[in-house]
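**Q** Residue numbers (the UniProt record's numbering): 1 to 544.
Here a beta-carbon is modelled for each residue, glycine too, at the ideal position from N, C-alpha and C.
What follows is a single structure, and I will ask about it in a moment.
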Amino acid sequence: MVIGPDKNIKIKYNNLEIPLTKAHKFLGVVVDDKLKFDQHIAYISKNALKAINALRCLTGVFWGADPKILATLYKSLVRSHFDYSCLAYINACQTQLKKLDVIQNIGLRIIVGAMKSTPINALEAETCIPPLTLRRLQLAQNFCIKELSANNKLVISNLILPPQLYQNLDDNVVSVNNVNNRQLPELCTLMSSIHKNFVNMYICNDNLWSLYKCEYEALTNTAYKINIPNLKDNLDYLQFISNKQDYYKIFTDGSKTKDFVRCGWYDSQLKCKQVMNLDCNASIFTAEAYAILQALLYIKNVNNVLYNNFLVISDSKSVLLSIEGQRLDYKLSHIIYSIKNILYELHISGKHIEFLWVPSHRGIAGNEAIDRALAHATGLDTDHSDKLKLPFTDFYYVSKQQLKMLWSKYWASVNQEKGRWYADIQKSLPIKPWYSREQCESRKYITTISRLRFGHCLVPTHLCRLKIVNNDNCPYCESPKADLDHIFFSCQKFGLQRLAMVCDIQDIAEKEKLRVPRRLQEILSFPCFYRTIYEYVQCTVEKL
């Protein structure tokens, strides 16, 4: 295969001419001589459609697997084909990328049992699965973040823009128009943008991940102990430490709000504390881990000959489990490896360290003291925002939040043209699908409610618009324009059922302290009314 304007090049090996090909598969990527990647997109589309058929075997519209399970299967069986090698075809033409969008749309309809006419933006919001353009952008940014942290000079030097273009680069290189047109900036633009904006990232200057800098003895050290008892309140805590009177106790905590990220430790013997301000991009995990690291450094330097046993008390179970765990990979925070190194040094010096998990905000004196110090740290804090370089995984979260904001802007821009009924119900993008909170509900219940939220269901007006039926008359009372409002509020056939529904809605609204809704969209805005709505459908039209 020859990539370039001259296609008449003859390549020989041992006087034998090697035949040229227009495309070749390498590591699962079909590369063509024009770098259009149309053959590769056709290849992954074929494989993804096979996985779509597997989803179809597991569910129908009103029967089958739970939508949460189907969403997981879609991401692992179907979308994984799109994710792999997406950096190769990320700038392919819009016509080719649209083929992948069509397959995702099929998967989303299967998940929630939606009709083919359902607006795509409403499907994406209902399932909380973003457009493939945003998915490709997320994977591209994660790749750039990882390579910058690994200090991969070969990749970085080839992807960073020249100085003049780099200086003139806008802070926001991706806009809503990029999502609408399925066209993202080139990878070098994304790499330069991340390099310019994410400045406080931990960089492996010697090309070694933190795992390889940690001593082997520190990685295998088990001299420390981590206690995670089932403590409920201060009484349980006092009972637990009654057997540890000879331990020097230090409390640690971290706090993250929209205004600041802080962490600190509190010495309950000397009544002293230290509060540290961190970079605003730091995660709560990083803040809690850094607090423990600073507490161990304090223990290492404290001049106290009366104690050899130290108890570090934290309310972060995830950090303690990471310290205790045997996970050894490049994604684990460099702070955890630093903690393991210091624990080994303390063990060699004859100091025994134990950790204790306690629940937060349960009246435990030391925990409340450091919590108050973090909330009101004026004059007591020290700035560690430049001293602590953040793990690259923290910037994964920052990137994810930026993409959510971009998705919200995209949603606001398109819902006035498509999916207006759904947008009147779902005012903003949900964090999780509404059905993720439902337990032991049938597939028919979930698909019925979702179709009502979409406004695309088996009512005569919609079926007539799709030319499935000849007229939009109500099959029960022969009234014209039988839409959802007619079925729920006007049809003379369902007077008794409607009266029971209205009474139930009034009772629920009074119980939940809500204003009684007057429109169907208002009713569908509150999940507490869904069971009543579904029961009305079941005893009237049976399915929608």
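How long is the line joining the alpha carbons of Leu278 and Phe260, rounded to whole angstroms?
**A** So the two alpha carbons sit approximately 8 Å from each other.
**Q** Do Ser45 and Leu100 have their CB atoms nearer than 9 Å?
**A** Against a cut-off of 9 Å, the Cβ pair of Leu100 and Ser45 comes out as a contact.
**Q** Taking the beta strand (DSSP E) that Gln39 belongs to, which residues open and close that run?
**A** Element bounds for Gln39: not the beta strand (DSSP E) but the alpha helix (DSSP H), 38-58.
**Q** Sort out for me which residues DSSP pairs Lys427 with in a bridge.
**A** Its beta-bridge partners do not exist; DSSP assigns none.
**Q** Check this for me: beta carbons of Tyr435 and Pro67, under 9 Å apart or not?
**A** The answer is yes: Cβ separation under 9 Å.
**Q** With distances taken from CA atoms, which of Phe240, Ala369, Glu215 is nearest Asn227?
**A** The candidate whose alpha carbon is nearest that of Asn227 is Phe240.
**Q** Decide if Pro131 is buried, meaning its Cβ has at least 16 other Cβ atoms within 10 Å, or exposed.
**A** Counting Cβ neighbours within 10 Å, Pro131 comes out buried, since at least 16 surround it.
**Q** Between which two residues does the alpha helix (DSSP H) containing Asp504 stretch?
**A** Taken as a continuous stretch (DSSP letters only), the alpha helix (DSSP H) holding Asp504 covers 495-512.
**Q** At 3 residues or longer, and completely inside the segment 124-187: list those beta strand (DSSP E) runs for me, N to C.
**A** Whole beta strand (DSSP E) segments, 3+ residues: zero.
**Q** Asn152 to Leu187, Cα distance in whole Å?
**A** One C-alpha to the other measures close to 15 Å.
**Q** State buried or exposed for Gly64, treating a residue as buried only when at least 16 other CB atoms are found within 10 Å of its CB.
**A** Buried, since its Cβ has 16 or more Cβ neighbours within 10 Å.
**Q** Is it right to say Gln426 is buried, meaning 16 or more other beta carbons lie within 10 angstroms of its own, or is it exposed?
**A** With 16 or more other Cβ atoms within 10 Å, it is buried.
**Q** Between which two residues does the beta strand (DSSP E) holding Tyr212 run?
**A** Unbroken run through Tyr212 is the alpha helix (DSSP H), 210-213; no beta strand (DSSP E).
**Q** Can you tell which of Asp253, Lys271, Thr257 has its C-alpha closest to the C-alpha of residue 545?
**A** With the chain covering 1 to 544 only, the question about residue 545 has no answer from this structure.
**Q** Are the segment 455-464 and the segment 80-92 in contact at 8 Å, needing three or more beta carbon pairs?
**A** The segment 455-464 vs the segment 80-92: no contact.
**Q** So, at 6 Å on beta carbons, what are the nonlocal neighbours of Cys477 in its own chain, with the 5 sequence-adjacent residues on each side left out?
**A** Counting only Cβ-Cβ distances below 6 Å, and skipping sequence neighbours, we find Cys491, Gln492, Lys493.
**Q** Determine the contact status of Ile250 and Asp233, defining contact as a CB-CB distance below 9 Å.
**A** It is not a contact, given that the beta carbons lie outside the stated cut-off.
**Q** If distances are taken between C-alpha atoms only, which option among Ser479, Arg531, Ser399 comes closest to Glu438?
**A** The shortest C-alpha separation from Glu438 is found at Arg531.
**Q** Within 10 angstroms of the Cβ of Gln506, are there 16 or more other Cβ atoms? Answer buried if so, exposed if not.
**A** By the neighbour-count rule (16 or more Cβ atoms within 10 Å), Gln506 is not buried but exposed.
**Q** Assuming the contact rule is C-beta atoms closer than 8 Å, Ile299 and Lys351 should be a hit. Round their C-beta distance to whole Å, please.
**A** Indeed, because the Cβ distance is near 7 Å, the residues count as touching under 8 Å.
**Q** Go ahead and pull the three-state DSSP assignment for Phe392.
**A** Helix.
**Q** Looking at C-alpha atoms only, which residue of Lys409, Cys503, Leu520 is the closest neighbour of Val174?
**A** Of the candidates Lys409, Cys503, Leu520, the one whose C-alpha sits nearest the C-alpha of Val174 is Lys409.
**Q** Checking 9 Å against the spacing of the C-beta atoms, do Phe285 and Ser316 come in under that value?
**A** In this structure, Ser316 lies closer than 9 Å to Phe285 by Cβ.
**Q** Quick test of the definition: if touching needs 3 or more C-beta pairs under 8 Å, does the segment 51-59 touch the segment 107-114?
**A** Counting Cβ pairs under 8 Å, three or more are found: they touch.
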